[in-house]
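My numbering puts the first residue of the sequence shown at 291, with every later residue one more than the last.
Beta carbons: idealized from backbone N, C-alpha and C, even for Gly.
Since the structure is predicted, the reported quantities are computational estimates derived from the model, not experimental observations.
Notes for the one structure printed next.
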Amino acid sequence: MSTSPAPDLQMGILQRRRIEAEIIKPIYEEMKAAFGEAAAKGVIERAVRKAAIEAGKQFAAQEKGGTSLASFAAIQPLWTKEDALRVETLRQDAEHLDFNVVRCRYAEMYREMGLGEIGHLLSCNRDSTFIEGYDERIEFQRTQTIMGGASHCDFRYRLPPKL
């Protein structure tokens, strides 16, 4: 069984997502034509969720001292690189990482590429599944996204204290 190579830590996630979207777009269009929009979206959703869990595991494997909210916060610059996200941090400590994204170039990029209808599948849905792979103890909640039409995305991560 082969595994994916370790994430390219030099390339920002926005650039990586653009490359992926350029590959996914014609495949998605062909799947829509062959199987219908709902089935095509379902395939994209399942594939991206699995890839996000695997990516989370790969990032976690690189954490020599184990994963935590602090180690997770330390890799966030990969997502914000190239001004990809404008973030307002609300709370950050050992048990909480709360922030709002007030500008999302991922959403802008997918819309510009004509992929707005699946942008949430290609990007937003990764957030909860990435954290599953990274550290299953960390709880994630988000009630709104820019991709879904909100003014901001509200990210709330919790690491319950050990009992």
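Proximal residues to residue i (C-beta, below 7 Å), its chain only, five neighbours per side dropped
i	result
N415	E335, V338 and R339
D444	N390, R432, T433 and Q434
Y318	A330, I334 and I408
P411	First, the residue type needs correcting, since residue 411 is Leu and not Pro in the sequence shown. The answer, listed in chain order, is K331, I334, E335 and V338.
A363	Q382 and L387
A397	G409, I436 and M437
Beta-carbon separation (whole angstroms), residue i vs residue j, contact threshold 8 Å
i	j	result
S413	R307	6 Å
A345	G423	7 Å
F430	A342	No, F430 and A342 are not in contact; Cβ-Cβ is about 12 Å, not under 8 Å.
6 Å Cβ shell around residue i - same chain, five flanking residues per side excluded
i	result
P450	none
I428	I421, Y447 and L449
R393	R376
Y400	G406 and G409
Cα-Cα separation between residue i and residue j, rounded to whole angstroms
i	j	result
D388	R446	5 Å
G326	K315	15 Å
G438	Q382	25 Å
I309	M403	11 Å
K322	A328	8 Å
A296	I303	Summary for A296: the model assigns pLDDT 47, below 50, so the residue's position carries little reliability; its value from the coordinates is reported in the next sentence. Going by the C-alpha atoms only, they are around 14 Å apart.
E385	R448	5 Å
E320	S418	28 Å
G355	P367	19 Å
W369	K452	29 Å
S358	H442	25 Å
Burial state of residue i (16 or more Cβ within 10 Å)
i	result
A374	buried
T293	Only weak support is given to the placement of T293: the predicted model assigns it a pLDDT of 40, under 50, and the question is left unresolved by the model.
T379	exposed
M301	exposed
A351	exposed
I436	buried
A249	Any property of residue 249 remains undetermined from this structure, which presents the chain solely from 291 to 453.
M291	Residue placement at M291 cannot be trusted, given a pLDDT of 38 that sits under 50; the coordinates are not used to answer.
8 Å CB neighbourhood of residue i in its chain, flanking five on each side removed
i	result
A360	A384
E372	G302, L304, Q305 and R395
E312	M403
A440	Q434
Fully enclosed by the stretch 329–393, which alpha helix (DSSP H) runs are 4 residues long or longer? 359–365 and 367–370
Whole alpha helix (DSSP H) elements within the stretch 384–441, 4-residue minimum: 395–402 and 416–424
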